[in-house]
Amino acid sequence: MALEVDITKKLDGFFMHMQFRAEREIFAILGASGCGKSMTLKCIAGIEKPDEGRIVLDGKVLFDSEKKINLPPQKRKVGYMFQDYALFPHMNVVQNIEAGMGKRPDRSRTESLIRQFQLEGLEKKIPGQLSGGQKQRVAMARMLAAEPELILLDEPFSALDTYLKWQLEQEMYKHLKEAGKPVIFVSHNRDEVYRLCDTVSCMNRGKMEVMEPLKEFFQNPKTRTAAILSGCKNISAAERVDAHTLRAVDWGVTLRVKEREIADDIRAVGIRAHFLATVERPGEENVFPVNESEIWEDPFEWNISFRKNAECSWLQWKIAKTDWSPEMGIPKELYLKEEDILLLTDS
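Spelled out as structure tokens, the structure:
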């Protein structure tokens, strides 16, 4: 079973062009607010109409602009969970779940979903009497009650606090794997994506820049946008000096990569804040002078902002409190291993 999407739609300020294929997996669309993530889901669900293109689910055409096909949402067999869950406020839990079953609710199916999502004892409560986690469970149960062939999740954890989010992520992951359907998971939160998804795509102003297996996306982002979305704190414009040397313009340093060749289209360099380390040996390459610095304390680590001089941009160095403390003194230089240098294109 697979979802194939190739659509365009004019949005406010830019054109959205989404082209991808998702198999029986949890497929993430990671992007900043306003990039077109939610609009993509609405087009797949039939809530919005693309200007042009084609959407096919398991061989069934949901939308085709050339053939004038545009199935209504109720005929697409697509389950869609909104950010705010969109429960019916005056219906109780049972009624909300059965609303997903159409005109002929199956009470035995309802009871099975109530047990599956641990909603026993809440059957007569309306959404206003439920916690955030309970609302999410009801919304998930209602979506699966319709027996969808495709599941769309639009930032399902955005309204939850950190502790509850972790618990519900684990529950949702179990339910999604049991369902065995393609899942499109929209988020701007890299941690959610890393814990839940199999494949990651990076969306920027309506276009998909990168689509890769999860680990590859986070370990080796290819574009500036992908690096930012993957959590990279330090990014500088870069100028290629030769095949193995570039200048990080914003930081005022020159970096060497002996084991890789720097492509002509490299325009930026990225460094993860945790990968910087104190210099172990004199004469190391890829060394960053720490001539100005500021220290910020987080609950479990120190965050040191530093730069070469007033004309250069600040970098961030993060280190666990178990490994360093201000009493040890801020080092005069920090070092980066060659393999930890991220070479980035603009798109």
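For the sequence shown, numbering that gives the first Met the number 0 begins at 0 and goes up steadily by one. C-beta: ideal position from N, C-alpha, C; glycine also. All values reported here derive from a predicted model rather than from experimental measurement.
With contacts defined by Cβ atoms closer than 8 Å, R194 and L29 do not form a contacting pair.
C-alpha of I234 to C-alpha of F87: approximately 45 Å in a straight line.
For the options K173, D263, R255 and V199, the alpha carbon positioned closest to that of F184 is the one of V199.
Contact between S346 and T222 is confirmed by a C-beta separation of about 6 Å, below the 8 Å threshold. Here DSSP, grouped into helix, strand and coil, assigns D105 to coil. The beta carbon of P49 is closer than 6 Å to those of I6, K8 and C42 in its chain, skipping five residues each way along the sequence. By the criterion of a C-beta distance shorter than 6 Å, G269 is surrounded in its chain by A226, C231, I234, L341 and L343, once the five residues flanking it on both sides are discounted.
Here DSSP, grouped into helix, strand and coil, assigns T321 to coil. The residue among S64, A262 and E296 with its C-alpha nearest the C-alpha of D241 is A262. Under the rule that a run must span 4 or more residues, the alpha helix (DSSP H) segments found entirely inside the region 123-168 read 131-144. No residue range can be given for L121, since it is assigned to no alpha helix (DSSP H) and is classified by DSSP as neither H nor E. Under the 8 Å Cβ criterion, the region 267-286 counts as touching the region 332-339, having at least three qualifying pairs. For A44, the enclosing alpha helix (DSSP H) stretches over residues K36 to A44. Per DSSP, A226 has no beta bridge partner at all. Beta-carbon to beta-carbon, H187 and A31 are separated by about 6 Å, close enough to satisfy the 8 Å threshold.
Taken through DSSP and simplified to helix, strand or coil, R53 comes out as strand. Within a 10 Å sphere around the beta-carbon of R106 sit fewer than 16 other beta-carbons, which makes this residue exposed. Judged by DSSP secondary structure, D190 falls within the alpha helix (DSSP H) whose first and last residues are R189 to L195. E110 has its alpha-carbon roughly 15 Å from the corresponding atom of R103. Judged by DSSP secondary structure, E300 falls within the beta strand (DSSP E) whose first and last residues are E300 to R306. Distance between H16 and L118, taken at the CA atoms: about 40 Å.
In the three-state DSSP reduction, G78 falls in the strand class (E or B). By the criterion of at least three beta-carbon pairs nearer than 8 Å, the region 91-103 is in contact with the region 125-142. I318 and G58 have their C-alpha atoms spaced approximately 50 Å apart.
With fewer than 16 other Cβ atoms from the protein chains shown falling within 10 Å of its own Cβ, S157 counts as exposed. Under the three-state reduction of DSSP, Y334 is assigned to strand. In this structure, the alpha-carbon of E208 lies about 29 Å from that of A178. By the criterion of a C-beta distance shorter than 6 Å, E22 is surrounded in its chain by A1, once the five residues flanking it on both sides are discounted. Bridge pairing for N203: K206 [DSSP].
Selection C196, D297 and I25 evaluated against W323 yields D297 as nearest (Cα-Cα). In terms of Cα proximity to A267, the closest of P220, F305 and P181 is P220. Of T224, C311, D83 and K124, the smallest CA-CA separation from D249 is found for C311.
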